[in-house]
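See below for the structure under consideration.
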Amino acid sequence: MNDFDSFLQDHANCERKASAMAMSFVAKYPDRVEIIPELIETGIEELEHFKAVYSVMEKRGVKLPAEMGQDIYVKQLIDHCRSGREDRFMDRLLLASIVECRGAERFRMVYEALEPGELKSFYHNLWASEAKHGNIFVKMALIYFDRDSTYKRLEELNLIEAEVLSSLPLQPALH
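All residue numbers for the sequence shown refer to the working numbering, where the first residue is 310 and numbers rise by one.
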């Protein structure tokens, strides 16, 4: 919270990438028609979050960075995706869930640390929205994969995520 402006820049970048990620599922898996409407809705909602974060940044006089950097946390998670269309599809959905749940956790922490006011309310709303997104991606995986293999892989990926998190430096970032 000591460098909240840098956190806002990273947060905006994460929302932009989350929107792009939802839409990339639509582009890469157009045959998965059962989930396309929800992916589009999620992509739009994440873009709305980006717009809202940008508005907060404008009010504070914070600019978007000239170059939006790579999210090392997400990159390291994606490096653990299996190959093969179906395995990779499952892993990407489950990793999206993990990332959204981690974001919700961080938004809760930000919410709890802020003084009462507009910004605190903003992060409360984001916390609720991101928690919902975490569940959405697991539900999507369960449409295409059996429950046991889905939750087994989710457990494996959660262990990997814990290792990745513990290896990262503390910084003013969402992940």
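Where is the CB? At the ideal position from N, CA and C, for every residue including glycine.
Remember, predicted model here, so these are calculated numbers, not experimental data.
At the level of alpha carbons, what is the spacing between residue i and residue j?
i      : j      : result
Met377 : Glu343 : 32 Å
Arg462 : Asp312 : 36 Å
Pro346 : Asp455 : 22 Å
Val383 : Val408 : 8 Å
Lys360 : Arg411 : 21 Å
Thr351 : Ala440 : 12 Å
Glu367 : Asp457 : 46 Å
Leu404 : Val371 : 30 Å
Gly393 : Asp340 : 16 Å
Glu465 : Leu402 : 14 Å
Glu395 : Ala471 : 24 Å
Ser438 : Ser333 : 20 Å
Tyr363 : Arg325 : 10 Å
Leu373 : Tyr460 : 38 Å
Ala413 : Leu479 : 18 Å
Taking 8 Å as the limit between beta carbons, can you name the residues of its chain near residue i, skipping five residues before and five after?
i      : result
Ile469 : Leu386, His389
Asn467 : Ile407
Asp400 : His389, Cys390, Arg391, Arg462, Leu466
Are residue i and residue j touching if we call contact CB-CB under 8 Å?
i      : j      : result
Gly443 : Ser406 : yes
Trp436 : Tyr420 : yes
Leu477 : Cys323 : no
Ala327 : Glu357 : no
Phe416 : Val365 : no
Return the chain-ordered list of same chain residues with a C-beta closer than 7 Å to the C-beta of residue i, the five sequence neighbours on each side being excluded.
i      : result
Arg397 : Cys390, Arg391
Tyr338 : Phe398
His433 : Tyr420
Ile381 : Leu477
Got a sec? Which residues, its chain only, sit under 6 Å from residue i by beta carbon, not counting five neighbours each side?
i      : result
Val335 : Ile345, Leu348
Arg369 : none
Met330 : none
Pro418 : Sequence inspection shows Met at residue 418; the Pro mentioned does not correspond to that position. The answer is none, since no qualifying residue turns up.
For a test of your reading of the model: does the CB of residue i fall under 7 Å from any non-hydrogen atom of the ligand FMN? Yes or no.
i      : result
Ala405 : This structure lacks the ligand FMN; in fact it carries no ligand of any kind.
* To do: Would you be able to state if there are at least three C-beta pairs under 8 Å between the region 376-396 and the region 310-325?
  => yes
* Asked: Do the region 418-429 and the region 441-457 make contact, defined as three or more Cβ pairs closer than 8 Å?
  -> no
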